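Residue numbers (the UniProt record's numbering): 1 to 572. Ideal Cβ placement from N, Cα and C applies to all residues, glycine included. Model, not experiment: these values are computed from the prediction.
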Amino acid sequence: MVAFPNLEILHLKKLNNISDIWGKNYNNNSSLGGYNDAGIIVFPRLTELELCDLPNLIDSSYGSGQPNSCKVAFPNLVQFNLQNLEVNLEWMELGRDDSTCKLKSLSISYEKEKQLPYTWKDQLSNLESLIVKHCFSDMLKSRCFFKELKVLQVNKVECSTLFSFSVLRSLQQLQELQISNCTLLEEIVEDVTGDEASSMVKNTITLFQLKSVVLEELPKLRSFIHGANYELQMPNILSIKVTNCGLSTLFTCSIFHKLQLKALSVYNCKLLEGIVADEKGFEISGTDDKIITVSGLSSIILVDLPKLRSFIHGANYELHMPDISSIEVTNCGLSTLFTCSIFQKLQLKTLLVYNCKFLEGIVADEKGIEISGTDDKIITVSRLSSVILVGLPNLKNFIQGTNYELHFPVLKFLQVKSCGLSNLFPLSVFQELQELKYLMVSGCNLLEGIVVDGRGIRTSNSNDKIITLPELLSVELDHLPNLKGFSLAVSYTFNVPKLYNFKVHNSPLLENITSLRTSTGLVKVHFEWNKWQKVPALNDFTNQNNKTLDSAKHQPLEASFYFFPWSCPWAY
Numbered sequence: 001m002v003a004f005p006n007l008e009i010l011h012l013k014k015l016n017n018i019s020d021i022w023g024k025n026y027n028n029n030s031s032l033g034g035y036n037d038a039g040i041i042v043f044p045r046l047t048e049l050e051l052c053d054l055p056n057l058i059d060s061s062y063g064s065g066q067p068n069s070c071k072v073a074f075p076n077l078v079q080f081n082l083q084n085l086e087v088n089l090e091w092m093e094l095g096r097d098d099s100t101c102k103l104k105s106l107s108i109s110y111e112k113e114k115q116l117p118y119t120w121k122d123q124l125s126n127l128e129s130l131i132v133k134h135c136f137s138d139m140l141k142s143r144c145f146f147k148e149l150k151v152l153q154v155n156k157v158e159c160s161t162l163f164s165f166s167v168l169r170s171l172q173q174l175q176e177l178q179i180s181n182c183t184l185l186e187e188i189v190e191d192v193t194g195d196e197a198s199s200m201v202k203n204t205i206t207l208f209q210l211k212s213v214v215l216e217e218l219p220k221l222r223s224f225i226h227g228a229n230y231e232l233q234m235p236n237i238l239s240i241k242v243t244n245c246g247l248s249t250l251f252t253c254s255i256f257h258k259l260q261l262k263a264l265s266v267y268n269c270k271l272l273e274g275i276v277a278d279e280k281g282f283e284i285s286g287t288d289d290k291i292i293t294v295s296g297l298s299s300i301i302l303v304d305l306p307k308l309r310s311f312i313h314g315a316n317y318e319l320h321m322p323d324i325s326s327i328e329v330t331n332c333g334l335s336t337l338f339t340c341s342i343f344q345k346l347q348l349k350t351l352l353v354y355n356c357k358f359l360e361g362i363v364a365d366e367k368g369i370e371i372s373g374t375d376d377k378i379i380t381v382s383r384l385s386s387v388i389l390v391g392l393p394n395l396k397n398f399i400q401g402t403n404y405e406l407h408f409p410v411l412k413f414l415q416v417k418s419c420g421l422s423n424l425f426p427l428s429v430f431q432e433l434q435e436l437k438y439l440m441v442s443g444c445n446l447l448e449g450i451v452v453d454g455r456g457i458r459t460s461n462s463n464d465k466i467i468t469l470p471e472l473l474s475v476e477l478d479h480l481p482n483l484k485g486f487s488l489a490v491s492y493t494f495n496v497p498k499l500y501n502f503k504v505h506n507s508p509l510l511e512n513i514t515s516l517r518t519s520t521g522l523v524k525v526h527f528e529w530n531k532w533q534k535v536p537a538l539n540d541f542t543n544q545n546n547k548t549l550d551s552a553k554h555q556p557l558e559a560s561f562y563f564f565p566w567s568c569p570w571a572y
């Protein structure tokens with residue numbers, strides 16, 4: 001018989017035939033470990049225990065009613081992982097109290113709701129990681145404190161509140177909080193009343209170490225970081241993700257303006273009306289215009305928020321995000337995304353907007369807007385390089401309004417699909433797109449021209465009225481039934497020396513494409529179905545073949561090399 005008094009790691013996984021770990025007669029099992037004076041099996045050096053997927057394991061725990069049930073002690077256990085077992089844990093002894101229990105990491109996943117052993121209540125305060133599924137203990141609402149806990153993940157726990165105020169306040173080392181699939185959960189914190197509430201200063205919990213929060217599939221959740229008698233401050237939070245929760249707002253102004261948030265993602269919250277609650281009487285110290293500045297925020301994703309009406313401004317506040325680099329908005333109820341005063345201060349690099357049927361403008365056309373340093377109210381977004389606008393039927397204005405005009409000097413990729421625009425650019429904006437490489441426009445039924453004449457046009461040669469786009473590589477125009485020409489400003493010619501891919505498809509009214517001039521040498525032109533012809537210049541070819549093209553307007557016109565840069569990071 002081989003003894004294991006020095007066993008340090010024990011993993012039992014996917015053993016379908018095992019029914020008993022310790023044996024039916026524990027008196028013969030001294031080989032597994034050793035006995036203490038109370039007759040308990042002891043694994044004196046075991047530090048890591050994993051029991052996973054043992055479907056036929058019989059509950060032979062201490063006090064289970066099974067014959068020869070036993071208790072097993074792990075005085076030096078540091079990590080315990082139990083997955084997909086339906087046995088109770090009354091047989092397991094971790095230590096007499098906090099001073100003897102060394103457990104740092106506990107992960108337990110049941111298929112049906114179970115309670116942690118009551119005897120563990122005084123043995124878990126040294127935990128650094130706690131992950132539970134279908135396993136809950138009232139210790140999260142009791143006086144048990146988790147002063148060392150860094151990671152907490154709670155999954156499929158059926159309760160209306162998770163923490164008592166005192167327990168949550170004890171989580172001063174907590175860095176990661178994840179709560180998911182708790183269908184009955186209404187509040188994260190049990191709202192305090194009576195003596196406990198009256199004894200707290202400003203009813204505030206501050207978790208200084210918390211870096212990441214994930215809330216998923218909590219359809220009844222109404223309150224996250226504030227309630228009637230408390231407020232949760234997370235001054236160093238970096239990432240928040242919220243999915244399918246019943247929240248109407250995420251933050252109060254007083255909380256949001258103190259965050260160091262870098263990434264915010266919100267998905268499928270059908271009741272969400274605002275990111276920040278519009279608090280009456282809210283005042284930001286040191287400012288008269290109630291501006292909230294979140295200086296570290298770099299990424300925002302908002303998906304499936306049909307009731308969202310206000311994103312970064314309200315009656316009593318305006319959000320400034322000077323470090324934002326990426327914004328993605330999908331299927332939200334917004335009518336505009338930005339005010340002029342906000343948009344001109346962004347460091348935005350990527351803007352993606354999908355399927356927002358109420359969106360009328362990217363930037364709200366504010367009366368009386370004044371852009372500092374200019375008389376013509378031009379807003380320059382100096383870092384924006386990629387824009388995708390898809391499924392915006394009410395979008396009538398993209399880059400200009402009555403009181404402003406948007407310039408994107410480093411824009412490289414633009415895709416517009418199924419939007420309500422009648423044109424994309426005024427000439428004054430288009431001539432500034434010196435880094436534009438890819439232009440894709442499709443499914444815009446009202447679009448008549450890509451470029452229209454505008455005020456203040458400046459060209460490098462005023463006599464020739466030639467506008468050069470030195471980096472433009474690819475233009476694709478598809479399903480544009482009212483497109484009359486690439487440019488409705490017929491007196492201008494566009495020099496695109498690097499153009500190698502030009503496609504036109506299902507645009508029956510297209511007449512004026514001859515204002516595009518290339519200098520790339522031989523170009524393969526597709527002017528009838530599956531017939532290609534090499535021509536020296538697209539402009540000359542279209543001039544000479546107007547009749548042929550007119551008779552085949554229902555066929556695609558393409559001028560292209562076979563190579564297309566699918567590896568390009570914007571080409572999706």
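Item: Please tell me whether residue 47 and residue 72 are closer than 8 Å, where the distance is taken between their beta carbons.; Value: no
Item: Alpha carbon to alpha carbon, what distance is there between residue 305 and residue 352?; Value: 15 Å
Item: Use the C-beta contact count for residue 9: other C-beta atoms within 10 angstroms, 16 or more gives buried, fewer gives exposed.; Value: exposed
Item: Do you know how far the Cα of residue 20 is from the Cα of residue 133?; Value: 23 Å
Item: Can you have a look at residue 86 and say buried or exposed, based on whether 16 or more other CB atoms are within 10 angstroms of its CB?; Value: exposed
Item: Using alpha carbons as the reference points, say which of 465, 43, 442 and 446 lies closest to residue 503.; Value: 442
Item: Just checking my contact of residue 218 with residue 245 at CB under 8 Å: how many whole Å lie between their CB atoms?; Value: 5 Å
Item: For residue 300, which residues in the same chain have their Cβ closer than 6 Å to its Cβ, ignoring the five residues on either side in sequence?; Value: 264 and 327
Item: Could you check what DSSP says for residue 132 in three-state terms: helix, strand or coil?; Value: strand
Item: Quick check on residue 477: does DSSP put it in helix, strand or coil?; Value: strand
Item: Can you check whether the CB of residue 467 is closer than 8 Å to the CB of residue 438?; Value: no
Item: Grab the span of the beta strand (DSSP E) containing residue 109 for me, first residue to last.; Value: 105-115
Item: Can you list the alpha helix (DSSP H) stretches of 4 or more residues lying completely in the stretch 249-282, in chain order?; Value: 253-256
Item: Look at the Cβ atom of residue 184, then the Cβ atom of residue 220, and state whether they are nearer than 8 Å.; Value: yes
Item: Quickly, what does DSSP pair residue 409 with across the bridge? List them, please.; Value: For residue 409, which the question treats as bridged, DSSP gives no partner whatsoever.
Item: Check whether the Cβ atoms of residue 178 and residue 150 lie closer than 8 Å to each other.; Value: no
Item: Secondary structure at residue 64, three-state DSSP: helix, strand or coil?; Value: Because residue 64 sits at a pLDDT of 49, beneath the cut-off of 50, its placement in the model cannot be relied upon, and the following sentence gives the value as read from the coordinates. Three-state DSSP puts residue 64 in coil, outside helix and strand.
Item: For residue 467, name the three-state secondary structure that DSSP assigns.; Value: strand
Item: In angstroms with no decimal places, state the Cα-to-Cα distance between residue 331 and residue 474.; Value: 29 Å
Item: Assuming residue 360 contacts residue 335 (C-beta within less than 8 Å), just tell me the rounded distance between them.; Value: 5 Å
Item: Please go through the same chain and pick out, in chain order, the residues whose beta-carbon is closer than 7 Å to the beta-carbon of residue 347, but skip the five residues on each side of it.; Value: 322, 323, 324, 325 and 383
Item: Taking buried to mean at least 16 other C-beta atoms within 10 Å of its own C-beta, is residue 124 buried or exposed?; Value: buried
Item: Which residues bound the alpha helix (DSSP H) around residue 340?; Value: 340-343
Item: Using the Cα positions of residue 388 and residue 90, report the straight-line distance between them to the nearest angstrom.; Value: 57 Å
Item: Considering only the alpha carbon of each residue, which of 271, 298, 223 and 93 lies closest to residue 614?; Value: Here the chain covers residues 1 to 572 and nothing more, so residue 614 does not appear.
Item: Please report the distance separating the alpha-carbon of residue 188 from that of residue 224.; Value: 6 Å
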